[in-house]
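What follows is a single structure, written as structure tokens, with notes after it.
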Amino acid sequence: MLDEAMLEEQGAEHTAEQADQARPAAPVAGARRLREVLRQGGEAFPAALREADDGLLLSALDDGMPADRATRVVVELVRRAPERGPELADAVCEKVLLARLYLDAGEPSGADDRLRVRNALMLYDGLVRPCAQRGGTPELLACVVPALWAARGGAGREVVRRIVDSRQPTGFGERAWKELFTSAAEECREHEAAAATAARRGARRWWLSRRLRRGEDGGRIDLQPGQLWVSVLLAVISVALVLIVVLAAR
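Each residue of the sequence shown is one higher than the last, beginning at 96 in the working numbering.
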């Protein structure tokens, strides 16, 4: 289930779309022209959204676009979900999974990253989860879920967390859960190994610095006052014993 922020955003997008539809717009003719308008945006963009088929919309996401415009494409793809038959729905889901929910589309830039996470969640909730619940694309999910978790930047991990926290069936399937657990466990092992290596290096640096300090002292042993008196006393006793032996020999 989409969270409240996402629902508000979808409501805003729907309102904007209704406003666009209310304005008269000349149809955008030809697939090539549609592709160009989707890539560049502009006043013809709303009409291009309505006229483009699923393939063109997915291609536009593949080409990369600003996150706010990508959101409108995502909303349109999700809006059409009830109109697709199972075969077409599975094909769209497969394309979305192969693109890893389009998290990497476009240049990362702070606020855009947060919007791309929301877009990815909309794609998962609207297109992937229903397909997964029907038993579709289990092999892809088993690869994509751990890949999202291990991706750099943390956006993919945030998506996985939000999917798991949604209190709905994830649709991952046993194999994908196993792969995700294996990925997380491997990451923990790497962190533990790095920590152990850092600890060994720290101990070695401490031991070397201690030896260097002793070397700088020239190997000299500093005796405390009590130790000095004991040494003097032992020397006197040794001398006395030597004298006794010498006198006894005479």
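We put the CB at the ideal spot given by N, CA and C, even for glycine.
Assigned secondary structure, residue i (DSSP; H/G/I helix, E/B strand, else coil)
i	result
ASP148	coil
GLU178	helix
ALA155	helix
ALA143	helix
GLU138	coil
Pairwise C-alpha distance: residue j and residue i
i	j	result
VAL254	LEU216	6 Å
ASP44	GLU131	What is shown of the chain runs 96 to 345, which leaves residue 44 out entirely.
SER261	TRP272	16 Å
ARG145	GLN135	16 Å
LEU318	ARG300	Only weak support exists for where LEU318 lies, its pLDDT of 49 falling under 50; the value from the coordinates is given anyway. Computed Cα separation, rounded: 27 Å.
MET172	ARG296	Sequence inspection shows Leu at residue 172; the Met mentioned does not correspond to that position. Looking at the two C-alpha atoms, the distance is approximately 54 Å.
ALA165	THR277	33 Å
PRO161	LEU275	30 Å
ALA120	GLU138	With a pLDDT of only 43 at ALA120, under the threshold of 50, the placement of this residue in the model should not be trusted; the figure read from the coordinates follows. Distance between the alpha carbons of ALA120 and GLU138: 9 Å.
ARG224	VAL191	12 Å
GLY251	CYS238	13 Å
Endpoints, the alpha helix (DSSP H) within which residue i is located
i	result
THR166	162-174
ALA126	126-135
Proximity test, Cβ basis, 8 Å: residue i and chain D
i	result
LEU243	Although the question refers to chain D, the structure presented lacks it and comprises just one protein chain.
Expected contact under 8 Å - CB spacing of residue i and residue j to nearest Å
i	j	result
LEU218	LEU196	5 Å
**Message:** Just to confirm the assignment: which complete alpha helix (DSSP H) runs, minimum length 4, are found wholly within the region 194-278?
**Reply:** 206-218, 224-228, 233-245, 250-259
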